[in-house]
Ligand code: SF4
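Residue numbers (my numbering), protein chains in the order written: chain X, 1 to 466; chain U, 1001 to 1214.
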């Protein structure tokens, strides 16, 4: 029977299936960070259990780390304790760990691919919902809770139920100025924030195939924002070229063997999907969110919507609440919305390609008066690369702060956060109430759109700028 | 895990859709290395003013629902971050059951690991339960897991669906990890076969790059 990419990975990782479909799934790689792991290690210790495959696990601190000078350690006592706890747990159980002073340290979903740990056909988990990012390589990758982290640490398996298959095709060629971020925001706008619940989404179509690995990661990263636990893109030459030669990639004869296997993974001709959606890339304009979930998104040419037009009561109340929180009036053109801060970073958009795109827009220009902005590279290696290319000097000359790697203002667990009422053009993935700081107002957009907003002082159409 | 058989209690109406886990428990409370003590921070921004005083209009601050054991809410509850701190906070507050038209996947799974029963019912039935919940102290609901029923104060009975395996684990208070350990041989067999067929997944490949010199 013709199978999808998801079906193939699923079938090849089944350890056991019960009568009701409950399955025991083997997990190939496990990424760990400081926030969602301490209680899992505590559980292992309390039960006297060990870690089954420490070498299939990789840990890093990212959520809580300061992005300013770290040579003096961490001021915040709770953050420091959480990171020290991770260090101690990794040492005790023999898990490879990238410390804050390691150049390889960075956001967990950036470092996995960067090290070549993320490979096609694998099952990959992490106690973090944006694990979906790794699906860009044709790996089944999804976020889990802390109890499941404990389960994987000690058994290298997870109890799961099969997901349904959804295929979203973006056909044709995107027009000038349109990025992977605009595509995924448009897809979420189309299917809604719960549209993918219960599904694994396979992204397909020419516009997806034409994306670089960085763009594919941006797309898969936000699968969870459509409710899907995982996103997938069929592995191809672009994928193999990215992986080859990375520290954890297969070497020698095993490389050939791996690639031969990876070529068998794409969905078979005629494979059935439970749901299929198609978008025309040419119809996608730069996307900006106006509300407090990623589905509340519009093309830059749009105006803030009017809740009175919404027939569904629950949705209308949610819109009213979002507009009140965001401090916006129906009918306001998106390009009239003034911003205070700009955040370039996060596992969605902090790879070298993202930083290069921002640099091209801001080179030789200045931040608008009164706007604060920072660039937070996704990893120490991204930072090193950017500095080798001189991007840091472009950012600093334009008035941006140039920071150390970490999650930073994506979730504002460290000192990087919005003040109440501040409005931010952000390249991250969530615009939930309070996400970037209590009372902070987030507008999600692509890196080049955030760059345009930084220069204009209001949300702006990057296509008119370059 | 504590067994779950039958639960009777006041249900609190949380009339919002797409409640994300950032709302259920904001990031500043994720710095803990414990599972306990999060109840007082549950729905923090909805529940408290900036000066730390309670917002009197928020449902869990109103006398009728301060002891609620059940939450009735809107579609896509628990979306966003995978933080298990969300069910930990609900549990610590005393919520053992959440009823909604739909749940986000990771949150739904996390509930089962912590003895909270998430029940998905059609919108119309949730609306009816919401009306009951609004009645406060005389809007008590009974959740009967054995029979897979929710019973209202006026005798109305709604049945809900649940995977047999999850139901079994809940009724018996079973721990997933112990159950998986019983399958150790199957895991060994799987690994031996994968090591043979896909040896690159087993090659020792510890990432190598020196610590930063500066
Ligand atoms: S950058 Fe943001 S979304 Fe990504 S892992 Fe960090 S906190 Fe989560």
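C-beta: ideal position from N, C-alpha, C; glycine also.
Check, Outcome
"For a contact defined as C-beta to C-beta under 8 Å, what are the partners of residue 144(X) on chain B?", "Although the question refers to chain B, the structure presented lacks it and instead comprises the protein chains X and U."
"Check this for me: beta carbons of residue 331(X) and residue 162(X), under 8 Å apart or not?", "no"
"For the ligand SF4, is there a heavy atom less than 7 Å away from the beta-carbon of residue 347(X)?", "yes"
"If we cut at 8 Å on Cβ distances, does residue 438(X) have a partner in chain U?", "yes"
"Flag residue 375(X) as yes when its Cβ comes closer than 7 Å to any non-hydrogen atom of the ligand SF4, and as no otherwise.", "no"
"Give the single residue among 416(X), 339(X), 385(X) and 381(X) whose Cα lies nearest to the Cα of residue 374(X).", "416(X)"
"Cutting at 6 Å between CB atoms, please list the residues of its own chain near residue 1212(U), excluding the five before and the five after it.", "Residue confidence is low: residue 1212(U) scores 42 on pLDDT, short of 50, so the model does not pin down where it sits. No coordinate-derived value is stated."
"Inspect the CB distances between the region 368-387 of chain X and the region 134-144 of chain X and report whether three or more fall short of 8 Å.", "no"
"Cβ atoms of residue 1018(U) and residue 1076(U): under 8 Å apart, would you say?", "yes"
"Output needed for residue 1085(U): all residues of its chain with C-beta closer than 7 Å, excluding positions within five of it in sequence on either side, in chain order.", "1025, 1029, 1030 and 1038"
"In chain U, which residues lie with their C-beta within 7 Å of the C-beta of residue 81(X)?", "1033"
"Closer than 7 Å: is that where the CB of residue 1079(U) sits relative to any heavy atom of the ligand FAD?", "Judged by which ligands are present, the ligand FAD is missing from the structure shown, whose ligands are the ligand SF4."
"Below 6 Å CB to CB, which residues in the same chain sit around residue 79(X) once its five sequence neighbours on both sides are set aside?", "64"
"So, for residue 471(X): in the same chain, excluding its five sequence neighbours on each side, which residues have a beta-carbon less than 7 Å away from its beta-carbon?", "Absent from the model: residue 471(X). The displayed extent of chain X is 1 to 466, so no value can be given."
"Rounded to a whole number of angstroms, what is the C-alpha to C-alpha distance between residue 1210(U) and residue 398(X)?", "Below a pLDDT of 50, predicted positions are generally treated as unreliable, and residue 1210(U), at 41, falls in that range; the measurement from the model is reported next regardless. Roughly 32 Å between the two C-alpha positions."
"In whole angstroms, what is the alpha-carbon distance linking residue 445(X) and residue 325(X)?", "19 Å"
"What's the gap between the Cα of residue 449(X) and the Cα of residue 388(X)?", "24 Å"
"Are residue 172(X) and residue 203(X) close, meaning C-beta to C-beta below 8 Å?", "no"
"Less than 6 Å between C-beta atoms, sequence neighbours within five positions excluded: which residues of the same chain meet that for residue 1009(U)?", "1069 and 1070"
"Which residues of chain U have a Cβ atom closer than 9 Å to the Cβ of residue 411(X), listed in chain order?", "1022, 1027, 1030 and 1081"
"With distance defined between alpha-carbon atoms, name the residue in 1013(U), 1124(U) and 1156(U) nearest to residue 1058(U).", "1013(U)"
"Leaving aside the five residues before and after residue 1214(U) along the sequence, list all residues of the same chain whose C-beta is less than 7 Å from its C-beta, in chain order.", "Any reading at residue 1214(U) must be qualified, since the residue scores a pLDDT of 36, below 50, and its modelled position is unreliable; no value is offered."
"Apart from the five residues just before and just after residue 146(X), which ones in its own chain have a Cβ nearer than 6 Å to its Cβ?", "36, 39, 40 and 127"
"Would you mind telling me which residues of chain X sit closer than 9 Å to residue 1183(U), beta carbon to beta carbon, in chain order?", "15, 16, 24, 155 and 157"
"Nearest to residue 18(X) by CA position, among 313(X), 69(X) and 159(X), is which residue?", "159(X)"
"Please state the DSSP three-state secondary structure of residue 374(X).", "strand"
"Please say whether residue 226(X) and residue 174(X) have beta carbons closer to each other than 8 Å?", "no"
"To which residues does DSSP link residue 500(X) through a beta bridge?", "Since the first residue shown for chain X is 1 and the last is 466, residue 500(X) is missing from the structure and cannot be characterised."
"Can you tell me which of 458(X), 25(X) and 286(X) puts its alpha carbon nearest to the alpha carbon of residue 338(X)?", "458(X)"
"Pick helix, strand or coil for residue 388(X), following the three-state DSSP scheme.", "helix"
"Quick one: which chain U residues come within Cβ less than 8 Å of residue 194(X)?", "1018, 1075, 1076, 1079, 1102 and 1104"
"Does the beta carbon of residue 1163(U) come closer than 8 Å to any beta carbon on chain X?", "yes"
"Starting from residue 287(X) and walking both ways along the alpha helix (DSSP H), at which residues does that stretch end?", "From DSSP, residue 287(X) is part of no alpha helix (DSSP H) but of the beta strand (DSSP E) over 287-289."
"Starting from residue 52(X), trace the beta strand (DSSP E) in both directions and tell me its first and last residue.", "Looking at the DSSP string, residue 52(X) is not in any beta strand (DSSP E), and its letter there is neither H nor E."
"So which residues on chain U does residue 151(X) lean against when the C-beta distance must stay under 9 Å?", "1113, 1176, 1177 and 1180"
"Which residues does DSSP list as the beta-bridge partners of residue 425(X)?", "342(X) and 443(X)"
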